[in-house]
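Heads up: the sequence lines are chains Z and H, in that order.
Heads up, the first sequence stops at 1264 in our numbering, and the numbers go up one at a time, no gaps.
Heads up, the second sequence stops at 702 in our numbering, and the numbers go up one at a time, no gaps.
Ideal placement from N, C-alpha and C gives every residue a C-beta, glycine not left out.
Report on one structure; see the data block that follows.
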Amino acid sequence: MQESGGEADAYTRARISLGAVLALDRSETLYYTPEHDDEGNTLRAECRYRIDGTPPPARWWSITAYAADNFLFANAERRYSVSGENAPLDNQGRFMTLVGPNAADTDRSWIPTAGTGGMRLTLRLYGAGEPLQRDPGALAAPSVKRLDDCP
Amino acid sequence: MSIAPRRWPVHVLLALLVMALTHALTVWAIPRLIMDRIITLGGGDAAMQQSGTWVYLPPPTDHTQRRIVMPSPDLLYATCAFDVSEQPLRVSLDTRYDRYWSIALYASNSDTFFVVNDRDAPDGRVDLLVKSPRHAGPSTAAQTVTAPTHRGFLLMRLLVNDDPVVRAAAEAARQALRCSDA
């Protein structure tokens, strides 16, 4: 139980309000929001991406895809994220999930996107280890690779 | 009509000053305007509030949720908009939810000023008085916190999954949240 006494500067406060209002501070949750793939290209809703990595050191984690307006993609399957609870791990302890349109229906680890335009991914870490809270940049971030050419 | 040559530096400086002030005002106003909307919406749906409290229980998060950006589909929420200018707010919870949950308090400028989670309160109990700086006097609450602004917003998060048993437990846990006048 804690009082959060630290005040953000005006620019940080405005930036967070526009993109992640009501976020929690790092002692509670860490947020990573890549907007580019491993090649430096802007993430796009009409492209397919493969995300893989090792489960981050946190009590609980998830990866969610958001459209350019920062809301969830509409999809009939109601799949919006993968998490440490449902992401299958391979025999090396790594997870892999697909993000994009037209993934196979049988693929359990898939986050559908819709439409065209920008998108962003958000990796949430609840109860991250203290070393990572002190240095969020030390995270071994999952890779984000585009699978094929986009329209 | 033309500007006298010796006066154009003054006009440029005035224009720069106006631009700087406009920029600063915009940066200052953005979080406050967004929070004002959230606070208004968070307490505005009387039909979905629990009797006797101000707690709003939004439906499970999906793509139809368009109120707050970047909603987490893995969380169930409960919210409470408050104004402690006249009297303090009493926040209480008594639950046995054995997964992650937290209660965060936000000021009207969007700053987080208090957080409690399931590990901080392993017995599942929260008894909190939220007051303005001018409210003095004893409190019977287990903990007192001073809000930096009169208006604010409480957001309870509960980690859920697709298991109906977990969903039902989370639903019961959020219904145990109470926000009321102290």
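query                                                                                                                                                                       : result
In angstroms, rounded to a whole number, what distance separates the CA positions of W1223 of chain Z and R1259 of chain Z?                                                 : 14 Å
Using a Cβ-Cβ distance under 7 Å, would M590 of chain H count as near chain Z?                                                                                              : yes
CB-CB under 6 Å to A598 of chain H, same chain, minus the five flanking residues each way: which ones, in chain order?                                                      : V575, L577, M676, R694, L697
In terms of residue numbering, what span does the beta strand (DSSP E) encompassing V636 of chain H cover?                                                                  : 632–637
Taking the beta carbon of N1215 of chain Z as the centre, do at least 16 other beta carbons fall within 10 Å, making it buried, or is it exposed?                           : exposed
Cβ of T1142 of chain Z within 7 Å of Cβ of A1178 of chain Z?                                                                                                                : no
Interface residues of chain Z around T615 of chain H at Cβ under 9 Å?                                                                                                       : None at all; the shortest Cβ gap to chain Z is about 15 Å.
Per DSSP, C699 of chain H forms a beta bridge with which residues?                                                                                                          : H:V611
For the alpha helix (DSSP H) containing D585 of chain H, list its first residue and its last residue.                                                                       : Position check: residue 585 of chain H holds Gln in this sequence, whereas Asp was assumed. It is not in any alpha helix (DSSP H) - Q585 of chain H carries neither H nor E in the DSSP assignment.
Does any C-beta atom of chain H lie closer than 7 Å to the C-beta of A1187 of chain Z?                                                                                      : yes
Taking all protein chains shown into account, decide if V538 of chain H is buried (16 or more other Cβ within 10 angstroms of its Cβ) or exposed.                           : exposed
Helix, strand or coil: how does DSSP classify S571 of chain H here?                                                                                                         : Confidence is the limiting factor: at S571 of chain H the pLDDT is only 44, short of 50, which leaves the residue's position unreliable, though a coordinate-based value still follows. DSSP places S571 of chain H in coil when its eight states are reduced to three.
Assign T615 of chain H to one of two classes, buried (16 or more other C-beta atoms within 10 Å of its C-beta) or exposed (fewer than that).                                : buried
With distances taken Cα to Cα, identify the nearest neighbour of D1151 of chain Z among Z:I1164, Z:S1140, Z:Q1205.                                                          : Z:I1164
Run through chain Z and tell me which residues come within less than 7 Å of R586 of chain H, C-beta to C-beta.                                                              : F1184
Count the other CB atoms, across all protein chains shown, that sit within 10 Å of the CB of T1125 of chain Z; report buried if there are 16 or more and exposed otherwise. : exposed
For A624 of chain H, would you say it is in contact with chain Z, using Cβ-to-Cβ distances shorter than 7 Å as the test?                                                    : yes
Which residues mark the beginning and the end of the alpha helix (DSSP H) in which R1247 of chain Z is found?                                                               : 1243–1247
Compute the Euclidean distance between the alpha carbons of R1192 of chain Z and H583 of chain H, then round it to the nearest angstrom.                                    : 10 Å
Sorted by chain position, which residues of the same chain lie with C-beta nearer than 8 Å to T710 of chain H's C-beta, five sequence neighbours on each side aside?        : Residue 710 of chain H lies beyond the residue range present for chain H, which begins at 521 and ends at 702; the question has no answer from this structure.
For chain Z, is any of its Cβ atoms less than 7 Å away from the one on A656 of chain H?                                                                                     : no
Once the 5 residues before and after Q607 of chain H are set aside, which same chain residues still bring their CB inside 7 Å of it?                                        : D701, A702
How long is the line joining the alpha carbons of T1167 of chain Z and P580 of chain H, rounded to whole angstroms?                                                         : 29 Å
Could you tell me the distance, in whole angstroms, from the CA atom of R610 of chain H to the CA atom of L1252 of chain Z?                                                 : 39 Å
Identify each residue in the stretch 1167–1179 of chain Z for which the Cβ-Cβ distance to at least one residue of chain H is less than 9 Å, and report them in chain order. : R1172, W1173, S1175, T1177, Y1179
Roughly how many angstroms separate the alpha carbons of A692 of chain H and L541 of chain H, rounded to a whole number?                                                    : 49 Å
Quick one: which chain Z residues come within Cβ less than 7 Å of T660 of chain H?                                                                                          : Neighbours of T660 of chain H on chain Z: none; closest Cβ ~17 Å, over 7 Å.
So that I know if they touch, is there some Cβ in chain Z lying closer than 7 Å to that of Y597 of chain H?                                                                 : no
Where do the N-terminal and C-terminal ends of the beta strand (DSSP E) with A627 of chain H fall, by residue?                                                              : 621–627
Could you tell me which of Z:H1149, Z:D1122, Z:L1238 sits nearest to L679 of chain H, measuring between CA atoms?                                                           : Z:L1238
For chain Z, find out if any of its Cβ atoms is closer than 7 Å to the Cβ of S700 of chain H; answer yes or no.                                                             : no
Skipping 5 residues on each side, what residues in its chain have a beta carbon closer than 8 Å to that of R1207 of chain Z?                                                : D1165, G1166, T1167
What's the gap between the Cα of D1261 of chain Z and the Cα of I623 of chain H?                                                                                            : 43 Å
Output, in chain order, the set of chain Z residues within a Cβ distance shorter than 9 Å of W574 of chain H.                                                               : Chain Z residues near W574 of chain H: none, gap ~17 Å exceeds 9 Å.
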